[in-house]
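>
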Amino acid sequence: MSLSKYKVEKSLIFIMILFFIISIITIYSAGSLDGDNANLYMKQLMWYVCGIILVFFIMFVGNDFFIKNSFILYLLGNIVLLLLLFFARPINDAKCWFEIKGIGTIQPSEFMKIILILFLSKQIDDFRRKYANPTVKEEFLFLLKIIGIVSIPSLLTFLEPDTGVVLIYLLITLIMLFIAGIRFRWFFLLIFLCSLGIGTILFVYFQNQDLFIKIFGTSFFLRVDRLLDWSNKSGFQLEHGLFSIGSAGLFGHGIKKTPLYFPEAHTDFIFAVYASNFGLLGSLFLLCLIIFFDLKLIQTALKTGSNIYKYITAGIVGMLIYQQIQNIGMTFGVMPITGITLPFISYGGSSLLSYMFMVGILFNISNDALRHKRRY
């Protein structure tokens with residue numbers, strides 16, 4: 034492999050190095066809150082090494098291979114999600130993970146996000162190539178096809194249950210369709226139907242909870258109850274997280290000096306650990322780093338001459354921004370606590386490998402953008 038053929042925005046590489054350093058230090062610090070998780074930073078280091086190898090592999094193979102075989106990946110992804118429901122051992126009343134002895138757990142839905150982005154990009158690009166100016170009927174039939182594609186993994190993931198990832202599937206789809214230039218009327222119709230559906234569910238929930246459980250089941254009732262209960266800003270996890278952040282001052286308490294224990298410090302509430310360690314200035318630095326990273330990705334998409342790369346980048350950036358806002362927002366009590374992790378920072382082998390898969394795809398797009406720029 035000739036390295037001269039592979040050129041990536043140096044700023045993207047530099048940001049990834051900073052994410053790596055911040056992740057390892059913060060997970061190491063979170064270990065002081067829970068002795069059982071004291072060595073997770075070593076596992077995260079291992080996952081980062083595996084992720085770097087994965088990035089080089091994807092850059093070597095190229096994006097075309099994954100795009101052309103996106104249907105096979107989509108099919109395999111759904112089969113694995115289905116197998117979860119039959120064979121996975123429940124963890125916290127959810128069948129979201131396969132346990133692999135000596136390695137830990139693998140969460141297939143994390144990989145389904147990037148698979149869905151690749152497959153939808155291929156479908157949208159094929160449609161746009163076939164119909165430069167589609168009629169309303171042609172566009173409607175295409176949207177029915179997209180709904181069918183997204184519904185299968187959404188249903189399987191919902192049954193695990195993992196509502197947070199289902200929302201990401203839907204968000205990815207909407208953003209990619211918007212970038213593809215689908216008529217606005219479909220978005221207005223979708224908003225109306227979603228509002229009607231959510232309104233009906235909430236009406237039954239508030240009017241007759243016994244009837245709600247009979248129709249939707251206890252699991253869905255508990256998920257709705259949890260989402261609606263976030264606004265009171267109460268709860269052991271949130272209260273202790275907020276105190277740890279609020280008491281950090283400008284410069285923080287220091288590494289391994291988070292003042293109070295709260296659950297999921299190394300995953301869901303990783304930002305609370307980081308903010309308590311490094312204070313307001315450190316938090317602003319990380320927020321600026323995240324924003325700069327997202328802007329560089331958007332800039333990369335605008336530079337590329339490939340429409341399908343624009344769709345892929347839109348799906349990835351939309352997903353990352355949502356997860357960043359959701360994770361940091363729930364840490365401060367302004368968003369529901371849904372278990373969404375902070376990309377590249379939170380502990381997790383499946384999530385980190387899926388993000389590094391995306392990084393490999395993005396580096397290939399950056400390489401294409403730089404070559405496209407040189408041509409013009």
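Be aware that the sequence shown starts at 34, since it is given in the numbering used here, and climbs by one per residue.
Just so it is clear, CB atoms sit at the ideal spot from N, CA and C, and this is done for glycine as well.
Everything numeric in this text was worked out from a predicted model, so none of it was measured.
Give me the Cα-Cα distance between residue 370 and residue 321, rounded to the nearest whole angstrom.
Going by the C-alpha atoms only, they are around 23 angstroms apart.
> Can you tell me which of 189, 61, 140 puts its alpha carbon nearest to the alpha carbon of residue 115?
Of the listed residues, the one whose Cα sits closest to residue 115 is 189.
> Just curious, the beta strand (DSSP E) that residue 410 is in, first and last residue?
Because the chain here runs from 34 to 409, residue 410 falls outside it and cannot be looked at.
> At what residues does the beta strand (DSSP E) containing residue 138 begin and finish?
Run containing residue 138: 137–139, per the beta strand (DSSP E) assignment.
> Would you mind sorting residue 310 into buried or exposed? The rule is 16 or more other CB atoms within 10 Å of its CB.
It is buried - the Cβ of residue 310 has at least 16 other Cβ atoms within 10 Å.
> So who's on the other strand from residue 127, going by DSSP bridges?
Note: residue 127 sits in a beta bridge opposite 124.
> Taking the alpha helix (DSSP H) that residue 193 belongs to, which residues open and close that run?
Looking at the DSSP string, residue 193 is not in any alpha helix (DSSP H), and its letter there is neither H nor E.
> From the DSSP output, in three-state form, read off residue 340 for me.
In this structure, residue 340 counts as helix in the three-state DSSP scheme.
> With a Cβ-Cβ cutoff of 8 angstroms, do residue 274 and residue 346 count as a contact?
Taking 8 angstroms as the Cβ cut-off, residue 274 and residue 346 do not qualify as a contacting pair.
> Determine the burial state of residue 210: buried for a count of at least 16 other Cβ atoms within 10 Å of its Cβ, exposed for fewer.
Under this definition residue 210 is a buried residue.
> So, for residue 284: in the same chain, excluding its five sequence neighbours on each side, which residues have a beta-carbon less than 6 angstroms away from its beta-carbon?
Excluding sequence neighbours, residue 284 sits near 312.
> Run through DSSP, which three-state label would residue 286 get?
Reduced to three states, the DSSP call for residue 286 is coil.
> When the Cα atoms are used, what is the spatial distance from residue 170 to residue 328?
Going by the C-alpha atoms only, they are around 36 angstroms apart.
> Between residue 474 and residue 326, what straight-line distance do the alpha-carbon atoms span, to the nearest angstrom?
One cannot answer for residue 474 here, as it falls past the ends of the chain, which runs 34 to 409.
> So, for residue 66: in the same chain, excluding its five sequence neighbours on each side, which residues have a beta-carbon less than 8 angstroms away from its beta-carbon?
Closer than 8 angstroms at Cβ, skipping near neighbours: 291, 294, 295, 298, 306.
> For the candidate residues 394, 47, 181, whose alpha-carbon lies nearest to that of residue 342?
Closest by alpha carbon: 394.
> Which one of 82, 141, 94, 127 has the shortest CA to CA distance from residue 109?
The residue with the shortest Cα to Cα distance from residue 109 is 141.
> Whose C-alpha, out of 173, 308, 319, is nearest the C-alpha of residue 287?
It is 308 whose Cα lies nearest to the Cα of residue 287.
> Are the CB atoms of residue 410 and residue 380 nearer to each other than 8 angstroms?
The question about residue 410 has no answer here: the residues shown for the chain are numbered 34 through 409.
> So, helix, strand or coil for residue 217, using DSSP?
The answer is helix: DSSP assigns residue 217 an H, G or I state.
> How far does the alpha helix (DSSP H) with residue 274 in it reach, from first residue to last?
269–279 is the extent of the alpha helix (DSSP H) around residue 274.
> Run through DSSP, which three-state label would residue 308 get?
Of the three classes helix, strand and coil, the one that applies to residue 308 here is helix, per DSSP.
> Excluding the 5 residues flanking residue 56 on each side, which residues of the same chain have their C-beta closer than 7 angstroms to its C-beta?
Answer for residue 56: 77, 377, 378, listed in chain order.
> Measure the beta-carbon distance from residue 182 to residue 152 and round it to whole angstroms, keeping in mind my assumption that it falls under 8 angstroms.
Contact flag correct, Cβ pair sits at about 7 angstroms.
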